[in-house]
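*Asks:* Attaching a single structure in structure tokens format; questions to follow.
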Amino acid sequence: MGRRTLQRRAKAAVRLAETRGRDTLLTPGTREAIAKEVAEGTPFTVACEAIGIKDSTGSEWLKRGRGEHPSRPATPEYVEF
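Going by the working numbering, the letters in the sequence shown line up with residues 462 to 542, in that order.
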């Protein structure tokens with residue numbers, strides 16, 4: 462295999478890795494459920510756990526929304542949350 466072929470394959474692998482990732486658990490339904498719980502007086506971490514989201518995940522979403530996460534950018538879905 463030639464050098465150019467290896468370079469092309471490496472670049473393609475990097476592009477593929479950049480576009481892959483899990484879908485977020487922060488769906489409109491999740492946002493609504495947490496917001497409803499919090500509006501009823503449930504603490505945020507308890508509201509997250511009540512709908513099956515780890516409190517650490519919920520806290521990460523808040524940090525991302527505020528632009529405070531050390532390695533992940535704020536995106537519209539997290540800012541809205």
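Cβ coordinates follow ideal geometry from the N, Cα and C atoms, glycine included.
#1: So for Ser520, helix, strand or coil by DSSP?
#2: Ala508: buried (16+ other C-beta within 10 angstroms of its C-beta) or exposed?
#3: Between the alpha carbons of Asp484 and Arg465, how many angstroms are there, rounded?
#4: Taking buried to mean at least 16 other C-beta atoms within 10 Å of its own C-beta, is Gly519 buried or exposed?
#5: Helix, strand or coil: which one does DSSP assign to Ile495?
*Replies:* Once the coordinates are examined:
#1: Here Ser520 sits in helix by DSSP.
#2: With 16 or more other Cβ atoms from the protein chains shown falling within 10 Å of its own Cβ, Ala508 counts as buried.
#3: Linking Asp484 to Arg465 through their CA atoms gives a straight-line distance of about 34 Å.
#4: Per the 10 Å Cβ criterion, buried.
#5: The DSSP-derived three-state label of Ile495 is helix.
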